[in-house]
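All remarks here apply to the structure that follows.
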Amino acid sequence: MSELVLGIESSCDETAAAVVAGGREIRSSVVESQVLEHARYGGVVPEIAGRSHLRVVMPLIDRALAKADVTLEDIGCIAVTSRPGLIGSLLVGLSAAKALAFARDLPLVCVNHIEAHAYAATMENDGDSYPSLALVVSGGHTALYVAHSPFELELLSRTLDDAAGEAFDKVAYLLGLPYPGGPSISKLAASGNARAYDFPRCRAKHGPPAFSFSGLKTAVLYHLRGQDALAPTPAPDAIPDRADVAASFEEAVADSLVGPTVAVAVERGLARVLVVGGVACNRRLREVMRAKAAERGIEAIFPSPAYCTDNAAMIAGLGWHLWKAGRLAGFDADASPQ
Ligand code: KG4
Ligand code: ZN
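Residue numbering for the sequence shown follows my numbering, beginning at 90 and increasing consecutively.
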């Protein structure tokens, strides 16, 4: 029987398809980003996202099959993201997956996007992966889980307000940097002084960590307005210390994520931390997490950048485990934003 899974992802602003063998061996992974379509709005517009997925999903699946040098005849199972995400976007991928599974009489599995992000770190890692602490940091999510297995994630806590990626995107907007904000802040921060400004951090405490980024975002806003809440936000070219603000903000985000995460790993006796999602691409977060975790004898594991951001290899990879565990979906499977 074929061990090949075709994965389909369309939860937000990336359409993706991939072919993965045995849950780990990535034969192809193609991603079509909608970033340019949403850039002028400073964030994802759901209407545009849904239509764009509809336009590209079938040609993209063809590309993934061609790149893996296989046809649908060679596929053993179809895996698709069914939650959480933008409902109109999820339905496009789910409908495509159902149609293919029905036409080819193939098993269908529905994958949770968050669990798939966490799985991405273990897919590329040969060592023992479970149990681990999983920090999921993306544009829509900032949450900490204990990963007991590829599809058993126990939620410990999530952000009280903004997600870390959302904070990057909002602060980038204030600084006049292009969307998505994470990569552009990171690039500017490289020439700035991370110690120039002491922006607020969420500190490590006992008990479930409470991530929060809206205070940090407001602190940056007030800094730019000269501490005058009623003053207008200056035009980007009138901000002389943009690189220092970017670097100090990035440092505050890294500290806010690393401190509580390492504290929970120590408290729970977990030897590994999986750091996943788009923000896990961040160079400074990787440095601080690796260093602070190592001080406590903990290994920090990151997917390679292409598998931190949204992709379908993680969907096909986790889908293989669901398939083998017999967790199949019916043709009445629904999508959910939660
Ligand atoms: O996981 P992802 O591709 O999509 C969601 O599921 O949300 O994450 C996208 C988020 C965006 O907010 C983007 O600004 C952020 O990841 N991001 C980064 C970096 N690359 C992407 N944030 C910080 N540093 C980066 N290098
Ligand atoms: Zn994601």
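All C-beta atoms in this analysis are idealised placements derived from N, C-alpha and C, irrespective of residue type, glycine included.
For the 8 angstroms CB-CB criterion, LEU363 and ILE390 form a contact. For GLY366, the distance from the CB to the nearest heavy atom of the ligand ZN is below 7 angstroms. Going by DSSP, GLU92 is part of no alpha helix (DSSP H) at all; its letter is neither H nor E. Taking one beta carbon from each stretch, the segment 126 to 139 and the segment 233 to 243 have fewer than 3 pairs nearer than 8 angstroms; the two do not touch. Closest in C-alpha terms to GLU103, from the list GLU126, ALA256, SER117, comes GLU126. In this structure, DSSP gives SER117 an extended state, which the three-state scheme calls strand. GLU241 counts as exposed, since fewer than 16 other beta carbons sit within 10 angstroms of its beta carbon. ARG292 is the residue among TYR396, ARG292, PRO173, GLU388 whose C-alpha sits nearest the C-alpha of VAL342.
Within the segment 321 to 402, the runs of beta strand (DSSP E) that reach at least 3 residues and sit entirely inside it are, in chain order, 361 to 365, 388 to 390. A residue is called buried when at least 16 other Cβ atoms come within 10 angstroms of its Cβ; MET212 meets this threshold and is buried. PHE240 has its Cβ no nearer than 7 angstroms to any heavy atom of the ligand KG4. Between VAL351 and ARG385 the beta-carbon gap is near 6 angstroms, inside 8 angstroms, which marks them as a contact. For PRO267, the CB contacts under 8 angstroms within the same chain, skipping 5 residues up- and downstream, are ALA128, ALA261, SER273 in chain order. By the C-beta criterion, the segment 247 to 255 is judged to be in contact with the segment 225 to 233, since at least 3 inter-stretch pairs fall below 8 angstroms.
Residue environment for LEU319: exposed (fewer than 16 other C-beta atoms within 10 angstroms of its C-beta). Taking the Cβ of ASP399 as the reference point, at least one heavy atom of the ligand ZN falls within a distance shorter than 7 angstroms.
Checking the 7 angstroms criterion, the Cβ of PHE191 is out of range of every heavy atom belonging to the ligand KG4. Judged by DSSP secondary structure, THR248 falls outside any beta strand (DSSP E); it is assigned neither H nor E.
Excluding five sequence positions before and after SER337, the CB atoms of its chain that fall closer than 8 angstroms to its own CB belong to GLY281, ASN282, ALA283, ARG284, ALA285, TYR286, ASP287, PHE288, given in chain order. Per the Cβ contact rule, the segment 93 to 107 is in contact with the segment 402 to 422 (3 or more Cβ pairs under 8 angstroms). In this structure, LEU277 sits near ALA332, with a CB-CB distance shorter than 8 angstroms. For GLY132, the shortest C-beta to heavy atom distance toward the ligand KG4 is 7 angstroms or greater. Every beta strand (DSSP E) stretch that sits fully inside the segment 204 to 280 and reaches 3 residues is listed by chain position as 221 to 226, 231 to 238, 241 to 247. Secondary structure of VAL134 (DSSP, three-state): coil.
Collapsing the DSSP output to three states places VAL145 in a helix. Under the 10 Å beta carbon count, ASP423 is surrounded by fewer than 16 other beta carbons and is classified as exposed. Taking the Cα positions, GLY174 is about 19 angstroms away from ALA223.
Judged by their CB atoms, LEU359 and LEU197 are not nearer to each other than the 8 angstroms cut-off. DSSP places ARG193 in the uninterrupted alpha helix (DSSP H) bounded by 176 to 193.
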